[in-house]
Structure formats: C-alpha cells, structure tokens
Amino acid sequence: MNPLPNCENIDNFNIWSEIVKQSVDSIVITDTNYVITYMNEASEELFGWSFEELKGKKPDVFNAEPLSEDVQKEIYDTVASGNIYKGELLNKRKDGTYFYIQIKVSPIYDNKGNIIAYMSSQRDITNQKQIEEKLQQEKNFLQKLIQTSPVAIHGTDTSSNVIIWNESSEKIFGWSSEEVIGEFLPTVPEEGIDEHLTLRKRVLSGETITGYEVCRLRKDGSYLYGSLSVSPMYDQRGNIFGILANMEDITEKKQYEYNLKDALNQLESIHFNLPISVWSATVDENGDFIDSYISEGVNELLALPANTIGNDFENFFSRVVPNYLPKIMDKFREGIERPGKIMSFEYEVVDGNGEIRWLSSSGRAHKKDGKTKVYGSTVDISKNKNAENSLIKAKILAENSNRAKTEFLANVSHELRTPLNAIIGFSQILSTNKSGNMNDKESKYVSNILKSGKHLLEMINDILDLSKIQAGKEELEIENVDFAELCEDIKPVIDPFIITKNLSFECILDGTDTNIKVDKTKMVHIMHNLVGNAIKFTPENGSIVINAKRVGVYFQISVKDTGIGIPKDSQKDIFNIFKQVDSSTTRKYEGTGLGLALVKSYVEMHDGDIWVESEVGKGSTFTFVIPQNNHNN
688 MNPLPNCENI DNFNIWSEIV KQSVDSIVIT DTNYVITYMN EASEELFGWS FEELKGKKPD
748 VFNAEPLSED VQKEIYDTVA SGNIYKGELL NKRKDGTYFY IQIKVSPIYD NKGNIIAYMS
808 SQRDITNQKQ IEEKLQQEKN FLQKLIQTSP VAIHGTDTSS NVIIWNESSE KIFGWSSEEV
868 IGEFLPTVPE EGIDEHLTLR KRVLSGETIT GYEVCRLRKD GSYLYGSLSV SPMYDQRGNI
928 FGILANMEDI TEKKQYEYNL KDALNQLESI HFNLPISVWS ATVDENGDFI DSYISEGVNE
988 LLALPANTIG NDFENFFSRV VPNYLPKIMD KFREGIERPG KIMSFEYEVV DGNGEIRWLS
1048 SSGRAHKKDG KTKVYGSTVD ISKNKNAENS LIKAKILAEN SNRAKTEFLA NVSHELRTPL
1108 NAIIGFSQIL STNKSGNMND KESKYVSNIL KSGKHLLEMI NDILDLSKIQ AGKEELEIEN
1168 VDFAELCEDI KPVIDPFIIT KNLSFECILD GTDTNIKVDK TKMVHIMHNL VGNAIKFTPE
1228 NGSIVINAKR VGVYFQISVK DTGIGIPKDS QKDIFNIFKQ VDSSTTRKYE GTGLGLALVK
1288 SYVEMHDGDI WVESEVGKGS TFTFVIPQNN HNN
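Residue numbers (the numbering used here): 688 to 1320.
If you want it as structure tokens, here you go:
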C-alpha cells in the first residue's frame, strides 16, 4: 500500500515507505478530511486495531474521551497553517485500556506545495507520565512537609536570595514569605555576614554542615540562637543551584546553658571560698573506695599544705581520731545499703598543728548502672562544739549553783520554821488577852506579830515546796477529783474576804462531766493561790469568775477578775520566783512573789501549761490546762 499519496519519485517513495513501516513509533496518515488512509504495524500494536478495521475512519476513535473544542481547533489550525502540532493526549486501545501518548501531527505536501494529507506519530508515554505523576506527588509531599515542619526551613539560590520560606520560618523570624522571597536572606545580622559567606562557600562546594550554632536576627530586631544544618540543592543535571537550610530555635536552651554555667561558676566560687570540702567515690564489690575525689578544701580544714590529702580516702582517715573510725564506717555501710538516705556523722581529727578539731560530714549513696557511688561534704564544727561544751559546762555550773541555793534555802527555812512556830504559838496565846493586862496598843502589837509570823511561815512553806520540786523530791498522787466539789470546798475559805470587799464570785462549769485526774492537794493549792490573788488585786465591788470545761484531751480552768491588771512587759516574768509587777505591789498587797511560781510548777508537774491574759485597769485571766490521758507519777 502507498502510504504517501501521489508520490511521483519512486525511489523516494520506496525509501520513505520503508521508513514508515519500520518506525517504532505509531504512524497514522489521513487525507485532508482526516480519514485514516494508512497505519503502520507499530500503530496496530499500540492501539490493537488492524488497519483494515480502521480504514476509512477518523482518528478520534483513539481518543479516551472526546477532545474539547479548544484542543481540536488548536490541532486543526496548527496543521492547516503548515506547522507541526505537538501535544500529549489520553488514548484508549481496542481492549478499552487507557494510556498516554505524545503526538506530533504535520501536513504532507505535493510537489506544488499543496497539503495533500496529514501524518501523525504517536509514542506511548504512560510510564513517563506515571513517573512524572509520582515525582509530582513527592514534590507536593515535600512541599507540605517543609511548610508544616516545626523547624524553620528556608532555601536560597547561590547568591543567598530566598526561594523557599516555610511557615515555621515566618513564626520564628517574623517575616512572611511574601516579604522575603527573592530578597537577600534577612536573618543574617551585619556582624554575621562574614560567617555566612564562609558557610555558603563551603556548601556550594558540595559540603553538608549539621548542628552549626549561629546567632540570627528577627524582624523585630531581637536576636535568637539556632542550630543550623545546611546542604546543597542539585538540579537534574547534578549542578548546585541553591542551599537548603533548616534551623532549630535553641534560644531557651542557650539561656539555660548560660544560667547553668553561671550557677556552676557561683558554686565553684563558693566552693573555693568557703571552709568546706566535697568528696565522692565509687564503692566496689568489696566495699572499698575507688575513683575517689576529695576537694582541696580538706587541706584547709586540716591546716595542711596544699595537695597533702589528694584524692585518697585513706590519707584522710589517717587523720581521724581512731575510736571514731568504726562509727564512720558503720555510717557508710548503712548509707550504701539504703541509697538516698542521708548519712551524717561528727568526729574528731588531728590537724597539721597537732591540735584536735571537730568535723561534720554528711552525704548519701546513689546507685546507677549497677554501681554505687557516695558523695557528700565535710565542714569544720570546732567553734560550734567548743561553744556547745562551754554551754554544757555553764549549764552544769548553773544547775549546781541552783541546787546549792535550793538546799541553802531549804535548810534555812527548816531552821527558821522551828522558832517561828514558837513565835506564832505564843502570839496566838497573847492575842487572847486572857489575863486582861494588855491595853489596846499592846493588843495591836501582838496582832501585828501574829500576822507577820503567819505571812513569814507561808513564805517559808512555799520555799520548801519549791525546793522539793526543784530537787525532784516532790511527787504526784493522782486521783479522781470532782472539780465542782472542789469549788464548793474553797468557798468557805474565801467567803470572808469576798464579803469584806463586796465582790461577786461565780464558778461556771461547762458540761456535766467535771471529774478530773489530778493530785487533789496540789490542785487545791493552785486554786487557793489563783483565787487568793484575784481577791487581793481586785478592788471593792469587783467580780471573780471561775470557768472550767473540757477541750479535747485537756481539762481547762480559768480564773478571771476585774482587778488592777498586769502591764504587757511584766506578764512574761509573772511566773518566775520572787518576781512581781513592781516593788509598790509588794508594799501595797503584801506579796512574796512565790505563789505563781509554785502554781506554775504544780501545773507543769501535771504535764500542763499556764498563761495569763491581762490589761491594766481591766483585770486579768489566768488559764491553765491539764491533760487527762498522761501524768508523771
């Protein structure tokens, strides 16, 4: 068959006919009405139809779907004007499968230059299209990955003009992509230009750089630190056309490192300026110290030349007073057996001058990767120990002095009580004036002697009681006491004084359970003393109220009056021996200053506590509590 109609040159015809037949590309020839007049074997293989099946039909049989009017017009206009149309179309085979072709359509001319036919060549590019599509998908994926990466990613050409700028770059640096694309990389500060150009030169030579720390500029003028990784970007020919960079913002990390370094410098300064030694060691399976470290401060603690002890624990232990070593090793063993538990010990050492010093060490053990490590510090506590020993000596001396004073007072009181009892006894006899020989003035003298004698006897008895307590010879006899009955018992004693001063007296009991466990004799003494003071220091027409109630495990009793009150600065001393508000109080109200001290001692013997609340001119409230679940016997 003649694929080239009206070919007049037979030789040329044979040549071109053979070329068309042997072509690996599909070649289809149509007349000027676009009717198929020829198909080579490659066309039959490509489309699946034989020439006989398609002879007289138009090429649109190959189309997977009808071509748009625009595409048809473009093809017709191109070839009709004598030009070659080039394009890509989606075709289908006889079996219905689709494939992509690259098509070229060109006119065929006769010797007179008239278009007599059209020839199209088709090449299957399905694999190429699939590769291109895959590449496009990968490109889209990479673009999405770059845009959504939490790390700042940007690309520049070989002149450092920005061509890629992801969203994280916008957030970290502040510039939008519209502001930087096509512009010189704005993040490089002026003082970093030389460094940037050096990095650029290295990367453009093919080097990849990772983890390079740089200082970069934000849009607002502030600086940030980044960990920069840069690599060259290659085109399809393998030529470098730009640089891809990703940068992690490490500003917080650098600030943390700076703060940590500053803190370490401060600690190092403290370490070298304070009289302290730090130490550490690894404990092997035999319990020996290996890989040990002892800071230089140890030589200062021991008044030794520098580097004397070194890092050797044995050198240090050789300075420890021998009888302390077993205790120290026991502490180390306990700490090693219980990692994390603080071990502390005090001991004596012999310093470089041959003098004894006290040291205190504390530390703990730590286990990691099967190894045990101990670490801690040592300080000089000689001054504290010396002060402590001085205090102990002073305390012993004070206790001995107090004991001697107590014994002296007790002895003197015993010696005074015998003649005093005689004076009181004879005064009582004389006060009866049975002989009738005394006049009023003499009776008054006798009365004063009797009154003063009783007052002196009361003071002597108080001194003896306090002496017993301080000497530890006074004991409690605990029994169940009904406090309501106790209140009734003291009324007859105080009634004459209440009536004389026209005072109101009331005992208020909160609740029905008024039984308490106390030493009854001492409780009576406490109440007589507190109520007696209230009567003594309360002016005429005043009031005295006793309140008693249970508060948790305590029984609380208070004695409230409307008396003269106690100044704030005197309240802290009111319970001390021989202490009163001021000397005028003693003269006016005849106090000894022993009563409240004895009350406090009796309350504390019951494991209780006592306090006062008072305001000058308004009165005082003395309150004490006694626990009901435990007593010293």
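Quick reminder that beta carbons are idealized off the backbone N, C-alpha and C, glycines included.
Close CB contacts of Asp-1197 within its chain, under the 8 Å cut and outside five residues either way in sequence, are with Asn-1234, Ala-1235, Lys-1236, Arg-1237 (chain order). Classified as exposed, Glu-1162 has fewer than 16 neighbouring CB atoms from the shown chains inside 10 Å of its CB.
Take Thr-813, set aside five residues on each side of it, and the residues of its chain with a beta-carbon closer than 7 Å to its own are Phe-786, Tyr-787, in chain order. Taking 3 residues as the shortest admissible run, the stretch 891 to 970 contains the following complete beta strand (DSSP E) segments, listed from N- to C-terminal end: 896 to 904, 910 to 921, 927 to 936, 963 to 970. In this structure, the CA atom of Leu-991 is about 11 Å from the CA atom of Arg-1006. Between Ser-1064 and Val-965, the beta carbon gap of about 5 Å places them in contact (Cβ cut-off 8 Å).
Around the beta carbon of Arg-903, 16 or more other beta carbons lie within 10 angstroms, which makes this residue buried.
The closest CA to that of Lys-1055, considering only Asp-971, Asn-1076, Glu-878, is found on Asp-971. The Cβ atoms of Ile-1015 and Gly-984 lie no closer than 8 Å to each other. Under the three-state reduction of DSSP output, Ala-1081 falls in the helix class.
By the Cβ test, the stretch 827 to 842 is in contact with the stretch 852 to 871, since at least three Cβ pairs between them sit closer than 8 Å.
Under the DSSP assignment, Gly-1219 falls outside any beta strand (DSSP E), being part of the alpha helix (DSSP H) whose first and last residues are 1207 to 1224. At the C-beta level, Met-806 and Ile-930 stay beyond 8 Å of one another. Distance from the CA atom of Glu-878 to the CA atom of Arg-1051, rounded to whole angstroms, is 50 Å. Short of 7 Å from the beta carbon of Arg-905, and not among the five residues preceding or following it, lie these beta carbons of its own chain, in chain order: Phe-860, Gly-861, Leu-911.
Under DSSP, Lys-773 shares a beta bridge with Lys-791. Beta-bridge partners of Ser-807 (DSSP): Val-715, Val-792. When beta bridges are read from the DSSP output, Lys-826 appears opposite no residue.
Going by beta carbons, Asn-933 and Ile-840 fall inside the 8 Å limit. CA-CA distance, Glu-894 to Gln-817, rounds to 33 Å. The three-state secondary structure of Ala-767, taken from DSSP, is helix.
The stretch 762 to 775 and the stretch 789 to 802 touch, with no fewer than 3 CB-CB distances between them shorter than 8 Å. According to the DSSP assignment, Tyr-1241 belongs to the beta strand (DSSP E) that extends over 1241 to 1248. By alpha-carbon distance to Gly-997, the top candidate from Tyr-980, Pro-1009, Pro-1013, Leu-988 is Tyr-980.
Residue burial is scored here from C-beta neighbours: Thr-885 has fewer than 16 other C-beta atoms within 10 angstroms and is therefore classed as exposed.
Cβ neighbours of Asn-986 within its own chain (closer than 8 Å, five residues either side excluded): Pro-992, Ala-993, Asn-994, Thr-995, Ile-996. For Asp-1296, the pairing in a beta bridge is given by DSSP as Val-1312. If you draw a straight line from the Cα of Ile-1023 to the Cα of Asn-1073, it is about 32 Å long. One thing to note: Val-1290 has its Cβ within 8 Å of the Cβ of Ile-1313. The beta carbons of Val-917 and Ile-896 sit closer together than 8 Å. For Ala-1171, no beta strand (DSSP E) run applies; the uninterrupted alpha helix (DSSP H) run containing it begins and ends at 1170 to 1187, by DSSP. Remark: fewer than three beta-carbon pairs, one from each stretch, lie closer than 8 Å, so the stretch 1245 to 1257 and the stretch 1195 to 1213 are not flagged as touching. Taken in chain order, the complete beta strand (DSSP E) segments of 3 residues or longer contained in the stretch 1028 to 1064 are 1030 to 1037, 1043 to 1055. Minimum Cα-Cα distance from Ile-1186 among the listed residues Asn-1002, Lys-1204, Ala-950, Ile-1231 corresponds to Ile-1231. Between the stretch 775 to 784 and the stretch 796 to 803, the count of Cβ pairs shorter than 8 Å is below three; the stretches do not touch.
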